[in-house]
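Heads up: the sequence lines are chains A and B, in that order.
In this text, residue positions in the first sequence follow the working numbering: the first is 43, and each later residue adds one.
In this text, residue positions in the second sequence follow the working numbering: the first is 28, and each later residue adds one.
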Amino acid sequence: MSEKYISRSTAIAARMLGGELMVMSSSDSTFFTLNEVATVIWQAADGQTPLSEIVSRIVCTEFDVEPQAAQADAEEFVAELSQHGILLVSDHPKPHSGKQEPA
Amino acid sequence: MITEHQVAIDIGGVPIVLRTENAEFRELLASRYTGFVKRPSDPSFTLDVELVPPSPEMSSDDDVQVGLSNGKWQLRRGDFQAQWDPLAKTGWVRQTANPYSIDSVLRILHSLVLAKEGGFLLHAAGAIRNGCAFLFSGVSGAGKTTIASLAPSGVTLLTDEISYIRKGDEGYLACGTPFAGELARVGENCSASIKSVFLLAQGAENKIDPVPTSEAARCLLRNILFFAEDRDLVELVFRSACEFVEKVPVQRLTFMPDERVWDLIR
């Protein structure tokens, strides 16, 4: 199975509200509230780190979850958000732009 | 186009002058927007309304389309076409001689103006009690008109359908609108600082429950009138809704359809 690299779309608006991350697509106005695990994945979506590494190095460290289940949940979350253009998925790392995107 | 007849409709402190060559239509507008008509001396915007004969393909059931093209907003629905230049502060509307099309144009125009200022139009009844504004938000059938119709004396009705929310220096203001729902009564043309927003739910008792901030934002966004397919504007409205729920208490109001519910609104 090939690696997945995820990055945040620029066509979104995001804001922490009441301890939850709210994300809205500015292209189709769909709206998501991310839970803690999803927020961690979202914040780590730099286009450089493979999704599997985000899960193993960050999600499984910060939360008490089984690696296999965490990977499956992450894949599902990424698939849903990518359908709405909120997360961008690639099978190769994004070239360095030299600019840090806001989380 | 000769536009010798004009009327200024002042909603939320934003007067829009409508100019028409048809005296009867001018009178129709003046009557429809009673309480919101002012002298057309210092308009925020001017719209020339061109009346066209009705045709079978003109339908208000079509979806409204709003987009920005070359710096001008293009508005289109089956029953009207309009253009608005926000920099020149002018525009035009092409429609038949009816009050409903121009009403929709005004709602869209105000939603665009408010978005730039951190405000919005909300599907909500609104009322002033003891100097404070209370909003009652919900989709059609949630009880906006019911709450408005149950209001006791001493309550000033701002609207039973669309609330006009402006960002102020210290908080948010609710302004009366002529955009009426089933009550078919225009609101009072006045404003007050918003004390609370209630998300309406009908139930077996009257009670108020807290709503988590994120849920409040989600519900609010669902009920904000928003027409434009424009990325920048979507972001503005999202930001406005988030800022609003951080400053104004949003609670759930479960109510039985009788006047005792107003005992909780203070």
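Heads up, the beta-carbon is just placed ideally off N, CA and C, and yes, glycines get one too.
Since A/Phe73 meets chain B, which of its residues come closer than 7 angstroms, beta carbon to beta carbon? Taking the first residue of the first sequence as 1, we reach residue 73 of chain A at position 31. Neighbours of A/Phe73 on chain B, chain order: Arg245, Leu248.
Could you tell me the alpha carbon to alpha carbon distance between B/Thr240 and A/Met58, rounded to whole angstroms? As a working mapping, residue 240 of chain B is identified with position 213 in the second sequence. As a working mapping, residue 58 of chain A is identified with position 16 in the first sequence. Looking at the two C-alpha atoms, the distance is approximately 10 angstroms.
Can you look up B/Arg266 in the DSSP assignment and give me helix, strand or coil? Here residue 266 of chain B refers to the residue found at position 239 when the second sequence is read from its first residue. Three-state result, B/Arg266: helix.
Of all the options A/Asp133, A/His126, A/Pro137, which has the alpha carbon lying nearest to the alpha carbon of A/Ser71? Taking the first residue of the first sequence as 1, we reach residue 71 of chain A at position 29. Among A/Asp133, A/His126, A/Pro137, the Cα nearest to that of A/Ser71 is on A/His126.
Mind listing which residues of the stretch 46-59 of chain A have their C-beta closer than 7 angstroms to chain B's C-betas, in chain order? Ala53, Ala55, Arg57, Leu59
Considering just the uninterrupted stretch of the beta strand (DSSP E) at B/Phe225, what are its terminal residues? Residue mapping note: residue 225 of chain B aligns to position 198 of the second sequence, counting from 1. First-last of the beta strand (DSSP E) with B/Phe225: 218-229.
Could you work out which residue in B/Ile135, B/Gln229, B/Asp257 is closest to B/Arg279 when comparing CA atoms only? What you label residue 279 of chain B is simply residue 252 of the second sequence in a count that begins at 1. That would be B/Gln229, whose Cα lies nearest to the Cα of B/Arg279.
Measuring only between beta-carbons, confirm whether A/Gln142 sits less than 8 angstroms from chain B. The residue given as residue 142 of chain A occupies position 100 in the first sequence. Because the pLDDT of A/Gln142 is 49, which lies under 50, any placement of that residue in the model is unreliable, and the number read from its coordinates should be weighed accordingly. Output row for A/Gln142: interface = no.
Taking the DSSP output, what are the residues bridged to B/Lys234? Position 207 of the second sequence, counted from the start, is the residue given in the question as residue 234 of chain B. According to DSSP, which records beta bridges pairwise, B/Lys234 is partnered with B/Thr281.
Does B/Glu54 come out as helix, strand or coil in the three-state DSSP assignment? Here residue 54 of chain B refers to the residue found at position 27 of the second sequence. Residue state, collapsed to three classes: helix.
Using a Cβ cut-off of 8 angstroms (strictly closer), state whether A/Ser132 contacts chain B. The residue labelled residue 132 of chain A in the question sits at position 90 within the first sequence. Not closer than 8 angstroms to any Cβ of chain B, the Cβ of A/Ser132 fails to qualify, so no.
B/Trp289 - containing alpha helix (DSSP H), residue span: Along the second sequence, read from residue 1 onward, the residue named residue 289 of chain B stands at position 262. Segment: none, B/Trp289 is in no alpha helix (DSSP H) and carries neither H nor E.
Chain B contact for A/Glu62 (CB, 8 angstroms cutoff): As a working mapping, residue 62 of chain A is identified with position 20 in the first sequence. It does: the Cβ of A/Glu62 has a partner Cβ on chain B nearer than 8 angstroms.
Any idea which residues DSSP pairs B/Gly118 with across the strands? Position 91 of the second sequence holds residue 118 of chain B. Answer is B/Leu74, B/Trp111.
Looking only at C-alpha atoms, which of B/Arg121, B/Leu260, B/Phe265, B/Thr73 sits nearest to B/Asp37? Taking the first residue of the second sequence as position 1, residue 37 of chain B is located at position 10. The shortest C-alpha separation from B/Asp37 is found at B/Thr73.
Please tell me whether B/Asn97 and B/Val166 are closer than 8 angstroms, where the distance is taken between their beta carbons. For the purposes of this step, residue 97 of chain B is identified with residue 70 of the second sequence, where counting begins at 1. For the purposes of this step, residue 166 of chain B is identified with residue 139 of the second sequence, where counting begins at 1. Going by C-beta atoms, B/Asn97 is not nearer than 8 angstroms to B/Val166.
Kindly provide the ranges of any alpha helix (DSSP H) runs that are 4 or more residues long and lie completely inside the stretch 131-215 of chain B, ordered along the chain. 171-176
Below 8 angstroms between beta carbons: does that hold for B/Ala57 and B/Val79? Taking the first residue of the second sequence as position 1, residue 57 of chain B is located at position 30. Taking the first residue of the second sequence as position 1, residue 79 of chain B is located at position 52. It is not a contact, given that the beta carbons lie outside the stated cut-off.
So A/Ser44 packs on A/Asp133, CB below 8 angstroms; how close in whole Å? One-based indexing of the first sequence puts residue 44 of chain A at position 2. One-based indexing of the first sequence puts residue 133 of chain A at position 91. Between A/Asp133 and A/Ser44 the Cβ distance is about 5 angstroms, and since that is below 8 angstroms, they are a contact.
Are the C-beta of B/Val93 and some C-beta of chain A separated by less than 8 angstroms? Taking the first residue of the second sequence as 1, we reach residue 93 of chain B at position 66. It does not: the Cβ of B/Val93 has no partner Cβ on chain A nearer than 8 angstroms.
Apart from the five residues on each side of it in sequence, which residues of its chain come closer than 8 angstroms, Cβ to Cβ, to A/Gly89? Residue mapping note: residue 89 of chain A aligns to position 47 of the first sequence, counting from 1. Taken in chain order, the residues that qualify are Tyr47, Ile48, Ser49, Leu130, Ser132, Pro135, Lys136.
Compare the Cα-Cα distances from B/Glu6 to each of B/Arg293, B/Gly145, B/Asp89 and report the closest residue. Since the first and last residues shown for chain B are 28 and 293, residue 6 of chain B lies out of range.
Does the stretch 169-183 of chain B come close enough to the stretch 208-217 of chain B to have 3 or more Cβ pairs within less than 8 angstroms? yes
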